[in-house]
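Going down the list, the protein sequences come from chains A and B. Each residue of the first sequence is one higher than the one before, counting from 1 in our numbering. Each residue of the second sequence is one higher than the one before, counting from 1001 in our numbering. Think of the CB as a built atom: it goes at the ideal place given N, C-alpha and C, for glycine as much as any other residue. On a predicted model such as this, the values are computed, not experimentally measured, just so you know. Structure record follows, encoded as structure tokens.
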Amino acid sequence: MAHYRSIRDFDWPMLVITLSICALGVLQIFSATHDTKWHNAWWKQLLWLALAIGLMWVITSIDYHTLLGQVPILYSGGVIMLLVTVVIGATVFGGKRWIPIFGFKLQISEFLKPILVLVIARFLAELKGEALEGRDLLKLGGLVGLPVLLVMFQPDLGTALTYIPIAISGAVIAGIRWRHLLVMGLLAALVIPAGWYVLKDYQRARLVTFLDPGRDPKGQGYQVIQSKIAVGSGGMWGRGVTHGTQTQLQFLPVPHTDFIVSAFAEEHGFVGVVVMLGLFFLLLMQIVQNAQTAPDRAGMYICMGVATLLLFHLLVNVGMAVGRMPVTGIPLPLMSSGGSNLLSVFLMLGLVNNVRLRRFVN
Amino acid sequence: MATTQRPDTEREREQELSNSRLLRDETQFATAKIAWFQYLTVAIFLILLTGFWDLQVANYESSVDRAERNRIRSIPLLAPRGKILDRDGRIIVDNHSTFKVILTRENLNPEHIKPIAEGLNLDPEDLQARLRKFATRPKYEPMVIKSELTPGELAFVYSHQDAKTFPELELIHSQSRLYPKEGLAAHAIGYVGEVSENELNSAEFAKYSQGDIVGKAGLEKQYNELLIGVDGQRRVVVDNLGRERELLENKEATPGKNLQLTLDLDLQTVAELAMEGRRGAVVALDPRNGEVLAMVSRPAFDPNMFQGRIRAADWKEINSNPFTPLFNRALQSQLAPGSTFKPIVALAALESGIVDENFAVNCPGGATFYGHFHKCHLFTKGGHGAGVSLHRAITGSCDVYFYNVGDRIGIDRIADMATTAGIGRKTGIDLPHEAEGTMPSTKWKLRTQREKWYAGETISVSIGQGAVTVSPLQLASAIGGISIGGAWYRPHMVKEATKMDPVRKAQFNPVNLEKVIYGMYGVVNEGGTGTSARLPNVEVCGKTGTAQRASNDLIKAMKAGGLKPGEELKDNAWFVGFAPRENPEIVIVALFEAGEHGNFAAPIVRDVLKSYFDKKARLQAPAQLHSAAGLLSMPGAEPPTPIAKKKIIQYATSTLD
Chain A
1 MAHYRSIRDF
11 DWPMLVITLS
21 ICALGVLQIF
31 SATHDTKWHN
41 AWWKQLLWLA
51 LAIGLMWVIT
61 SIDYHTLLGQ
71 VPILYSGGVI
81 MLLVTVVIGA
91 TVFGGKRWIP
101 IFGFKLQISE
111 FLKPILVLVI
121 ARFLAELKGE
131 ALEGRDLLKL
141 GGLVGLPVLL
151 VMFQPDLGTA
161 LTYIPIAISG
171 AVIAGIRWRH
181 LLVMGLLAAL
191 VIPAGWYVLK
201 DYQRARLVTF
211 LDPGRDPKGQ
221 GYQVIQSKIA
231 VGSGGMWGRG
241 VTHGTQTQLQ
251 FLPVPHTDFI
261 VSAFAEEHGF
271 VGVVVMLGLF
281 FLLLMQIVQN
291 AQTAPDRAGM
301 YICMGVATLL
311 LFHLLVNVGM
321 AVGRMPVTGI
331 PLPLMSSGGS
341 NLLSVFLMLG
351 LVNNVRLRRF
361 VN
Chain B
1001 MATTQRPDTE
1011 REREQELSNS
1021 RLLRDETQFA
1031 TAKIAWFQYL
1041 TVAIFLILLT
1051 GFWDLQVANY
1061 ESSVDRAERN
1071 RIRSIPLLAP
1081 RGKILDRDGR
1091 IIVDNHSTFK
1101 VILTRENLNP
1111 EHIKPIAEGL
1121 NLDPEDLQAR
1131 LRKFATRPKY
1141 EPMVIKSELT
1151 PGELAFVYSH
1161 QDAKTFPELE
1171 LIHSQSRLYP
1181 KEGLAAHAIG
1191 YVGEVSENEL
1201 NSAEFAKYSQ
1211 GDIVGKAGLE
1221 KQYNELLIGV
1231 DGQRRVVVDN
1241 LGRERELLEN
1251 KEATPGKNLQ
1261 LTLDLDLQTV
1271 AELAMEGRRG
1281 AVVALDPRNG
1291 EVLAMVSRPA
1301 FDPNMFQGRI
1311 RAADWKEINS
1321 NPFTPLFNRA
1331 LQSQLAPGST
1341 FKPIVALAAL
1351 ESGIVDENFA
1361 VNCPGGATFY
1371 GHFHKCHLFT
1381 KGGHGAGVSL
1391 HRAITGSCDV
1401 YFYNVGDRIG
1411 IDRIADMATT
1421 AGIGRKTGID
1431 LPHEAEGTMP
1441 STKWKLRTQR
1451 EKWYAGETIS
1461 VSIGQGAVTV
1471 SPLQLASAIG
1481 GISIGGAWYR
1491 PHMVKEATKM
1501 DPVRKAQFNP
1511 VNLEKVIYGM
1521 YGVVNEGGTG
1531 TSARLPNVEV
1541 CGKTGTAQRA
1551 SNDLIKAMKA
1561 GGLKPGEELK
1571 DNAWFVGFAP
1581 RENPEIVIVA
1591 LFEAGEHGNF
1601 AAPIVRDVLK
1611 SYFDKKARLQ
1621 APAQLHSAAG
1631 LLSMPGAEPP
1641 TPIAKKKIIQ
1651 YATSTLD
């Protein structure tokens, strides 16, 4: 066990930004659910938050090198748990994405995120050469591809897709060859049309809806249309907490989870959105700064992996709320109601802090 | 940092452990790529922010508008149309409760159209076509897709209008018209229907919206503004499941005003029954004020059929009927009046002074004028004989007499009198599409044909043939005006609050007038052509008319060619009658198309007259009203006409079957 260098070395700005975002989230969860059957979601979220801060503390205190050393165990444990989720989830819990652990419904796929950040960081940090060879790329693809496939079969395409950017950004930083990038692009161009036949009906519907939301107003497109109406009717200053009509009358689907940003935008307006996105931007920049000052490659990869994952989440979730991304059903980090994602994000922020605390070691 | 320089053996050991496992490495190589990531982050945030700007600032108004329409639902509260009552306040046209189903197109799922159409017994193709036609109108404007729901269809809507199945369906309560069965007074009353696309584009109907029910014909059309009422609306805040959360506004509907007609349901019923199975029309007027007491046109139609949307098959059937059931013969047909025109000619002759009551002709069954032989209607029986003067000429309807009279006084004196009486001009009745008729004159011929009038043409006009055409209403009004001494009131269907002045007045020599009226008395009571109009205790005056539809020459030619003149070419039977002889109260015209002789139209008039005077007698003897024996023993009151007693007005009990 490592000792703290100093309480002052802790990334306090990051913690303040993170908790501010969480506070906005809890407020919005309260506002969106106070009149519904989920009316106690906000204090549940507070409990999860307390647990998450504790977990972050723990993860920060273990030297990330120690954690990197445990990667094989973490990775195989994660994959096994995913298999358990796929098998048990499908047979016992009727296709659910979570399994109950100590009475909590935990979504294993969320906890794969910090594990994959560590796996990819260690893999890339241990590379000897100047650039990423094709062989290395295949290994990396295999490491990430296995959990992606397992999560896809849960089925949870949205979460599965979030794993891939971690690997891509890592590979780009590690020095991927242009021709490999080109081959990957070509492969994607081939796989995506083929994938169309593999997709489930609702997944296809989501894609079609994204391309033409007016086509099916009560179906998938309904969500996007209602979300855009909610966002737009917020205007510059918003309708005020608990006064957004789209949110309060439940025209907006799942306003405390996937569409929390739409509910927030309706009640807080463009100004509120600028503040919220500003906080997220500061958080990302803080993480990137930690990457720049990381003591070693592994630390840098960890920070960049976390930053990439959060950026991807933001792009997809917020983009969905304004109709610029398809509906994928992935949560907004730190704000959406739900424990697994909150714990997972705090674990990752713990890793970033961990790297920061050890920046002057070498 | 001070802490990092603090010697700590345990930490150094750990560091060495780490260092042995991981390469001492530099992160400088990644600096450029991390910078790229920062640029990428900025770009993504800008994309997201522009998304919000676009919706929240640039398109704020339309978003708010859509949000409001999302949450605020306007439910129309339809005003019931005013009822239509007869002159005694009895209901002729009532309303009954029905349901309509509305399609809210804002959240219409195209895949639902087919199952919805099937559930509501609509043609899916037709519904699609209507939706396409409707596509230009604003989306929030609801579209009525079916009115007069049957219980089965109602159950379908109730069980499918939830948020998960067909949330686009909405029921509204409405009042539908309930017209008497079998087309009683159908032409006068008219019918209502959904306002058409064409009507919506016209200025008159601009204030209505799709699905509104407006008057399409008859009184329903004429008095639409009065009858229609003002719809109310209920505005509520709803949530995504359509549950009502808050009431914003509840504006009650203002029902339309009731319309009290001058029609007498008793007379109307008798007239309807008298025309049963016949083609033609009956008009009964009060000549003293122009009130229409009865108006029948046959064949009739069922106005209930036009509620909402008429079935294509029904529409086709009614339109392809050669006897045009929708045509109101009482005021739209323009036919030769035949001999019913003779009283007007007679009055013109006496007033002119050229012919007096002693003027007489010899009727051998025809006469030649201007080189053309004109038959009398008694041609085959050898004519009316010698010394036919005015009274015999009217009672026996001697054509030869009127040929001579007409020839002497000339067309313009006839035309003056006829035009004064209202022939060739609209009566101005409060019903749409009244026909004008024609009264020829020298001026008329110059104007319409740019030709001089030939004296020979006057001969046919003198007996109500030739170019002269009238509608039954016109004839009733004309003769009625003469019967009361020369005053013509505007015929009307709706009771006037104040007594109206006559439209025209004429000063006739009372002696001349009396002679003509005495002639008409003779037609009925002195063995004339209209004896079947005779009533005990009431002095009925009248005149028969047998109007040719085809010339004698044509019929002869057809017979010679082995063809039988069809129904269309048979003579029309007319009868115009009024009573009592002194101070007439009622004038009635019966047109019996293809009835062949005026005497066959006379009983129709008699039945209606009888019911009028029977009713009057009943009302004047209220003590005996409730006893059938009293009714029978009442002076001047025979038992009611069998048909009138047998049948009562039947209403469609319900269209929900």
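Neighbourhood of residue i by C-beta, 6 Å cutoff - its chain only, sequence neighbours within 5 removed
i, result
"Arg279 of chain A", "Checking the sequence shown, residue 279 of chain A turns out to be Leu, not Arg. Closer than 6 Å at Cβ, skipping near neighbours: Ile17, Ser20 and Ile21."
"Val273 of chain A", "Ala265"
"Trp1036 of chain B", "none"
"Arg1006 of chain B", "With a pLDDT of 49 at Arg1006 of chain B, under the threshold of 50, the modelled position of this residue cannot be trusted; read the value that follows with caution. So the list is empty, once near-sequence residues are dropped."
"Phe1578 of chain B", "Ser1483, Cys1541, Pro1584 and Val1587"
"Ala1467 of chain B", "Thr1438 and Pro1440"
Contacts of residue i in chain B (Cβ-Cβ under 7 Å)
i, result
"Met152 of chain A", "In chain order: nothing, as chain B lies at least about 24 Å away."
"Thr245 of chain A", "Ala1067 and Arg1071"
Bridge partner(s) assigned by DSSP for residue i
i, result
"Asn1095 of chain B", "B:Arg1177"
"Gly1280 of chain B", "B:Arg1298 and B:Phe1592"
"Cys1541 of chain B", "B:Phe1578"
"Gln1233 of chain B", "B:Pro1076 and B:Lys1251"
"Gln1260 of chain B", "B:Leu1085"
"Val1361 of chain B", "B:Val1388"
"Ile947 of chain B", "This structure does not reach residue 947 of chain B, given that chain B is present from 1001 up to 1657, and the question cannot be answered."
Cβ pair residue i, residue j closer than 8 Å
i, j, result
"Cys1658 of chain B", "Arg1504 of chain B", "Residue 1658 of chain B cannot be examined here, being either before or after the span of chain B that is shown, 1001 to 1657."
"Leu1569 of chain B", "Ile1586 of chain B", "no"
"Val1157 of chain B", "Leu1171 of chain B", "yes"
"Gly1406 of chain B", "Val1461 of chain B", "yes"
"Leu1259 of chain B", "Tyr1208 of chain B", "no"
"Ser169 of chain A", "Met304 of chain A", "yes"
"Arg1245 of chain B", "Ile1072 of chain B", "no"
"Ser1333 of chain B", "Gly1422 of chain B", "no"
"Asn1572 of chain B", "Ala1547 of chain B", "yes"
"Trp42 of chain A", "Thr33 of chain A", "yes"
"Val1538 of chain B", "Phe1575 of chain B", "no"
"Gly339 of chain A", "Phe102 of chain A", "no"
"Pro1303 of chain B", "Ala1186 of chain B", "yes"
"Gly1218 of chain B", "Leu1431 of chain B", "yes"
"Met236 of chain A", "Leu24 of chain A", "no"
Under 8 Å by beta carbon: chain B residues contacting residue i
i, result
"Val322 of chain A", "Leu1048, Gly1051, Phe1052, Asp1054 and Leu1055"
"Met236 of chain A", "Gln1056, Val1057 and Tyr1060"
"Phe270 of chain A", "Phe1052, Trp1053, Gln1056 and Val1057"
"Gln292 of chain A", "Thr1027, Thr1031 and Ile1034"
Cutoff 8 Å: residue i Cβ touching any chain D Cβ
i, result
"Ile1102 of chain B", "No chain D appears in this structure, whose protein chains are A and B."
Neighbourhood of residue i by C-beta distance below 7 Å, restricted to the same chain and skipping five residues each side
i, result
"Leu15 of chain A", "none"
"Asp1094 of chain B", "Lys1083 and Leu1178"
"Asn1512 of chain B", "Leu1347, Leu1350 and Glu1351"
Proximal chain A residues relative to residue i, where beta-carbon distance stays under 9 Å
i, result
"Ile1084 of chain B", "Result: empty, since nearest Cβ-Cβ is about 44 Å, beyond 9 Å."
"Gln1038 of chain B", "Leu284, Met285 and Val288"
Cross-chain neighbours of residue i in chain A, by beta carbon under 7 Å
i, result
"Arg1234 of chain B", "Result: empty, since nearest Cβ-Cβ is about 18 Å, beyond 7 Å."
"Asp1239 of chain B", "Leu249 and Gln250"
Spatial neighbours of residue i in its chain, beta-carbon cut-off 8 Å, leaving aside the 5 residues before and after
i, result
"Arg1024 of chain B", "Unreliable placement is indicated for Arg1024 of chain B, whose pLDDT of 48 sits below 50; no coordinate value is reported for it."
"Val1524 of chain B", "Gly1530, Thr1531, Ala1533, Arg1534, Val1540, Cys1541, Gly1542, Gly1577 and Ala1602"
"Glu267 of chain A", "Gln28, Ser31, Gly234, Gly238, Arg239, Gly240, Val241, Thr242, His243, Gly244 and Thr247"
"Gln250 of chain A", "Thr36"
Residue i: contacting residues in chain A (beta-carbon distance under 8 Å)
i, result
"Val1064 of chain B", "Gly232, Ser233 and Gly235"
Checklist line | the stretch 1275-1292 of chain B / the stretch 1591-1606 of chain B touching (three or more Cβ pairs under 8 Å) | finding: With the cut-off at 8 Å, the stretch 1275-1292 of chain B and the stretch 1591-1606 of chain B touch.
Check: If we count Cβ pairs, one from each stretch, closer than 8 Å, do we get three or more for the stretch 330-341 of chain A versus the stretch 184-197 of chain A?
Finding: Result no; under three Cβ-Cβ pairs closer than 8 Å.
Item checked: Segment contact, 8 Å Cβ cut-off, at least three pairs: the stretch 1199-1208 of chain B with the stretch 1283-1301 of chain B -> Flag = no, the stretch 1199-1208 of chain B and the stretch 1283-1301 of chain B do not touch.
Note to self: Assess contact between the stretch 295-312 of chain A and the stretch 115-127 of chain A, defined as three or more Cβ pairs (one per stretch) separated by less than 8 Å. Is contact present?
What the structure shows: Yes, since at least three Cβ pairs between the stretch 295-312 of chain A and the stretch 115-127 of chain A fall closer than 8 Å, the two stretches touch.
Next item on the list: Kindly confirm or deny that the stretch 1452-1460 of chain B and the stretch 1369-1377 of chain B touch, where touching means at least three C-beta pairs closer than 8 Å.
Entry: Between the stretch 1452-1460 of chain B and the stretch 1369-1377 of chain B there are three or more C-beta pairs closer than 8 Å, enough to call the two in contact.
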